[in-house]
Amino acid sequence: MRAAYITQNGEAKDIKIGGLPKPEITNDEVLIKVNAVAVNHVDTFVRSGSFKTDTNFPFVIGRDAVGQVEEVGADVTGFSKGNWVWTNSMGYAGRQGVTSEYPAIPAARLFHVPEHVEPTQLVAAVHSAATAAIVLTKVFGAVSGASILVEGAAGHVGTKFVQMAHIMGLKVVTTSNTSDFDLLDRLGSDQCLNYDKSLKKQLSKAEIQKVDYVVDTSGQVQLQDNLRALKPGGKVCLITAPKSNQFSFDVRQFYTQSKTISGFVISNAPLDQIQDAAKFINRLMADGYLLEDPVLEKSYEDAAWAHKKLEKNARKKKILLKF
1425 MRAAYITQNG EAKDIKIGGL PKPEITNDEV LIKVNAVAVN HVDTFVRSGS
1475 FKTDTNFPFV IGRDAVGQVE EVGADVTGFS KGNWVWTNSM GYAGRQGVTS
1525 EYPAIPAARL FHVPEHVEPT QLVAAVHSAA TAAIVLTKVF GAVSGASILV
1575 EGAAGHVGTK FVQMAHIMGL KVVTTSNTSD FDLLDRLGSD QCLNYDKSLK
1625 KQLSKAEIQK VDYVVDTSGQ VQLQDNLRAL KPGGKVCLIT APKSNQFSFD
1675 VRQFYTQSKT ISGFVISNAP LDQIQDAAKF INRLMADGYL LEDPVLEKSY
1725 EDAAWAHKKL EKNARKKKIL LKF
């Protein structure tokens, strides 16, 4: 079968394009014929070895795919040949990736594409959507009526946080370029702030001055500024890091106000959280939400090119590799 794979951790140029044996599925797996694979930053981390995870070589790259069921294991129920399906938790922790013509997917990690949802638009969104879903529901335990500050809200991840938080009944404050204010207003932002101006000064003049939760999708906001924006007992979740990989903050103010700092990476999410997020995502997508990402489609043979572009942050569109 056709595949994009590596034989050792290394640079993007080390990605190979060629033939690998078609996998034989176990009783609890499903073989799918891939239509498209989304390329995420975490794929570059796994490929380079900077994200330490069990990897069996030759290793097929990629974690998120959409396609159609080709074959079903003997113990699998709920899937039939021809069904459109998606997965977003392959390519790490000992599991082969999905940038191949026929990957074998554990049935527990496979989900149906909702009726009338465009499959490639879905796979472009599931990584960021699942991150937002798990942070909101599991890390924050967000409740209706609470408030959240989403920084860098117009990006792939930020737009998912905005929509989900709004649907969950939260008051949503966002930071972005002023040119994105109209978009964020449509997606559910209650208060749009300019990310080029002082967060502290803008919040001091805003209707919502303190929030229960903060998530920075860019890694460019000082941790102390985010902690200052929290109400007592509030929570910050880190899903990325600044280039310096360093933060400083007022520790006394932090602990005396019972605030919390959490880190989250979806690759460490347990299976039940992945499954719950998938159900939430599918419900929202069936209603037309989360599907606004601009997409650039390339051939799977362009996998090395895609990784290089992501490492340079040279593409704003979501890159999909097609078979």
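Numbering-wise, the sequence shown is residues 1425 to 1747 according to my numbering.
In this text, a Cβ means the ideal position worked out from N, Cα and C, and glycines have one as well.
Opening and closing residue of the alpha helix (DSSP H) in which residue i lies
i	result
residue 1706	1695-1710
residue 1735	1727-1735
residue 1377	Nothing about residue 1377 can be read from this structure; the chain reaches only from 1425 to 1747.
residue 1680	1675-1680
residue 1428	No alpha helix (DSSP H) holds residue 1428; the beta strand (DSSP E) holding it covers 1426-1430.
residue 1740	First-last for residue 1740: undefined, no H or E at that position.
residue 1687	Taken as a continuous stretch (DSSP letters only), residue 1687 belongs to no alpha helix (DSSP H), being part of the beta strand (DSSP E) at 1684-1687.
residue 1523	Element bounds for residue 1523: n/a, residue is neither H nor E.
Check whether residue i and residue j have beta carbons under 8 Å apart
i	j	result
residue 1683	residue 1653	no
residue 1431	residue 1481	yes
residue 1439	residue 1557	no
residue 1611	residue 1583	yes
residue 1637	residue 1572	yes
residue 1453	residue 1497	yes
residue 1523	residue 1485	yes
residue 1436	residue 1716	no
residue 1509	residue 1709	no
residue 1555	residue 1517	no
residue 1564	residue 1661	yes
residue 1562	residue 1699	no
residue 1590	residue 1597	no
residue 1740	residue 1719	no
residue 1419	residue 1585	Nothing about residue 1419 can be read from this structure; the chain reaches only from 1425 to 1747.
residue 1688	residue 1647	no
residue 1513	residue 1533	yes
residue 1632	residue 1615	yes
residue 1592	residue 1613	no
Expected contact under 8 Å - CB spacing of residue i and residue j to nearest Å
i	j	result
residue 1491	residue 1456	4 Å
residue 1464	residue 1487	7 Å
residue 1744	residue 1548	6 Å
residue 1594	residue 1570	5 Å
residue 1445	residue 1527	That pair is no contact at about 12 Å.
residue 1525	residue 1630	Contact flag wrong, Cβ pair sits at about 52 Å.
Where the beta strand (DSSP E) through residue i begins and ends
i	result
residue 1544	Premise fails: residue 1544 lies in the alpha helix (DSSP H), 1543-1558, not in any beta strand (DSSP E).
residue 1528	1528-1530
residue 1572	1571-1575
residue 1722	1719-1723
residue 1511	1508-1511
Any chain D beta carbon closer than 8 Å to residue i
i	result
residue 1453	No chain D appears in the structure shown, which is made up of a single protein chain.
Stretch pair the region 1571-1578 + the region 1596-1605: three plus CB contacts closer than 8 Å: At 8 Å Cβ cutoff, the stretches touch.
Secondary structure, beta strand (DSSP E): runs of 3+ residues fully inside the region 1471-1504: 1488-1496
If we count Cβ pairs, one from each stretch, closer than 8 Å, do we get three or more for the region 1668-1684 versus the region 1499-1517? no
Would the region 1718-1736 count as touching the region 1462-1477 if we require 3 or more Cβ pairs under 8 Å? yes
Alpha helix (DSSP H) runs wholly inside the region 1599-1665, at least 4 long, in chain order: 1605-1611, 1623-1629 and 1647-1652
What residue ranges within the region 1443-1471 form continuous alpha helix (DSSP H) runs of no fewer than 4 residues, ordered along the chain? none
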